[in-house]
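Residue numbers (the numbering used here): 2 to 55. Glycine is no exception: its CB is placed at the ideal position from the N, C-alpha and C atoms. Fair warning: this is a prediction, and the values are worked out from it, not measured in the lab.
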């Protein structure tokens, strides 16, 4: 299993989407998968935190 993405990247992705950009735009901009962006937005909405699971 790989390492989780850094917290800074997670925060920047969520901020980018919350500024009005789409999830796919965020994925292209930060060069991550659309699934990663979707997962970060779901995690942020449900728990308010972006910490990776253990």
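Taking the C-beta atoms as reference points, residue 42 is found no nearer than 9 Å to residue 22. For residue 10, the uninterrupted alpha helix (DSSP H) run begins and ends at 8-19, by DSSP.
Sorting 29, 46, 37 and 49 by C-alpha distance to the C-alpha of residue 7 places 37 at the top.
Only residues of its own chain outside the window of five on either side were considered, and among them none has a CB closer than 6 Å to the CB of residue 30. In this structure, the straight-line span from the alpha carbon of residue 35 to that of residue 47 is close to 18 Å.
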